Amino acid sequence: ANMATEYEDMMESFAKLFNSGANPMITTTTWLPEKRAKYNAKRRQKDLDFVYSNWNLPHDVLATKINIADVPAKVAKKHKRAVAVHGCEWARMDKEYSVKVKEMESRGSLAEAVSYSIAHGTSTLEQMQQVLPTYQSRTIVDIPPDFRKFSSRICEREISGNCSALNYLFRNNYRLAVYYNGPGERTNDELCLRYVNEALSLLPALQRDEVPHYDEVLVRTIRALATYCMKDFEAALMEYRVCIAAIRLLHHEGRIDMSDATDKLMNTVNLWPHSILRMTIRVKIQNGVSRPYLTKDEYLDLMKENAYGIYSPSSQKCFHCGNTEKLLLCSGCSNAWYCSKSCAAKEWKKDHKNRCGSKKYTGTMTMQASCLQEVLDEIESKDPGPETVNSLGMSILNFGDRDFLVLCKDPSSGEIFDALTDETIEMQEGTPLPTLKSKLGGYHVFSGVPSNKSSQAESQE
């Protein structure tokens, strides 16, 4: 609840961040929206197919529910009557709950608010199960099959303006999932997943080429966080990727603004770029992959899918003239965009020939002592979990606009390297020089220089 306030004063650039002595490891990533023109039909279809193939719950979970349109008229009438009789009571209980929780939070009694919320949600669901009729032991779901076309929030108001039992069932399952996923003694990831799955099972299965509802994605993010907390990194990585793909689709359709840090959904996924990178490397290690962890194609696919690095919005321009149309990546290093052969040739003569191809570069990262020590401590740290996953500590640095370094320490050689590009990074104490920021091997480093003479002159200049 405090994330938006906590990161209100985030630095606008990495240079300012380092000059202020702040810690680069805890900065958030601004999810700048891609230009809609670049999110073309081909990319949209790719996201639609990816979400559809990984979205729906197992059949045995969905089989416990049935839509009101598929039950006999007599049973449907009985269900509607029960909703009409008890709907006002559910609304009163829900309003009373909101007032009490706000009052507890205003007093600073957060533990009391959590306990009350869990007790209220559990008792409300039990009462609803007692008064709502079922059909062949299956819960009746009173929601239009095409509800995803509506912008109404399931968690906040009735779908399409009609009183619905689903709103209260969905809302209370979502609340319980959030409270069991949050920090504290009551954290229970298994219970969290149970309530998340119960909330999602109330909704019709996602159809091909259908965009998920905003609240579906919101609940799905809780499922992703719980899976991550259970150390199932491979499953969690898939959940994170699916949620981000769904958010891109919502943004493209104008249902969400990815640059709005105050939006509840965007606030939830604010730090996910770091998590996706961390889990990608962890899953590779878990599967027995050694350095380099990513092939060139895997690295580019990761950057492209998440609009990181060379595929970030600000990087997609000709490196010579700044044009943003008809761009092609340099075939030698895949780390520079050009709009024409002429621009590529001019830039080659000017500077690119010293940086292109298969040359190995060593980046020298200079930072203040306090920041340097924190980065080194994080590289040396190991999170609790399976040994195969924790053979490397990681420190993820965000250089602004989705440009990252995933710093690790090689256990055999002791060298620090970027796990994304496998480039060696030399860490040293000193005053950072943001004006000497150079693009090397797919990432930005401060005062980074290739291991050749031509770059030394450039650094002095």
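Counted from 1, the sequence shown has number 125 at position 115 by the working numbering; the numbering is strictly sequential. Quick reminder that beta carbons are idealized off the backbone N, C-alpha and C, glycines included. Bear in mind that the values here come from a model prediction, so they are computed numbers and not experimental data.
Start and end residues, alpha helix (DSSP H) containing residue i
i: R148; result: From DSSP, R148 is part of no alpha helix (DSSP H) but of the beta strand (DSSP E) over R148 to V151.
i: S352; result: K351 to K360
i: C202; result: D199 to S211
i: E308; result: K306 to N316
Continuous beta strand (DSSP E) stretch holding residue i: start and end
i: S405; result: S405 to N408
i: C418; result: F414 to K419
i: I426; result: I426 to D428
Residue i vs residue j beta-carbon contact at 7 Å
i: E208; j: N182; result: no
i: V111; j: A123; result: yes
i: V151; j: K88; result: no
i: T237; j: E249; result: yes
i: L287; j: F414; result: yes
i: Y205; j: L186; result: yes
i: C328; j: W347; result: yes
i: Y190; j: N198; result: yes
i: M404; j: V385; result: no
i: V71; j: V252; result: no
i: G440; j: T374; result: no
i: D57; j: A246; result: no
i: Y309; j: L430; result: yes
i: C349; j: K336; result: yes
i: L228; j: L259; result: no
i: Y178; j: V85; result: no
i: H284; j: I426; result: no
i: L243; j: R301; result: With the sequence shown as reference, residue 243 is identified as Phe, and Leu is not the correct amino acid for it. In this structure, R301 does not lie closer than 7 Å to F243 by Cβ.
i: T278; j: T334; result: no
i: N66; j: A215; result: yes
i: R158; j: H69; result: no
i: H362; j: Y49; result: no
Per DSSP, cross-strand counterpart(s) of residue i
i: W65; result: Paired residue(s): none; W65 is not in a bridge.
i: Y178; result: For Y178, which the question treats as bridged, DSSP gives no partner whatsoever.
i: M377; result: E439
i: I76; result: I150
i: L228; result: DSSP lists no partner for L228.
i: R348; result: The residue asked about is misnamed: residue 348 is Tyr in this sequence, not Arg. BP columns for Y348 point to L338.
i: Y238; result: According to DSSP, Y238 bridges with nothing at all.
i: Y145; result: R148
Supposed close pair residue i, residue j - CB separation, criterion 8 Å
i: L142; j: A175; result: 6 Å
i: Y126; j: M138; result: The pair is not a contact, with the Cβ atoms about 18 Å apart (cut-off 8 Å).
i: I266; j: R196; result: Not really, about 30 Å apart at Cβ, beyond 8 Å.
i: K306; j: S341; result: With 8 Å as the limit, K306 and S341 do not qualify as a contact, their Cβ atoms being about 11 Å apart.
i: P155; j: A79; result: 7 Å
Every unbroken alpha helix (DSSP H) inside the region 78–139 [4 residues or more]: Listed in chain order, they are 83–116.
Inside the region 240–303 only - alpha helix (DSSP H) runs reaching at least 4 residues: Counting only runs of 4 or more, we get 243–262, 274–278 and 282–296.
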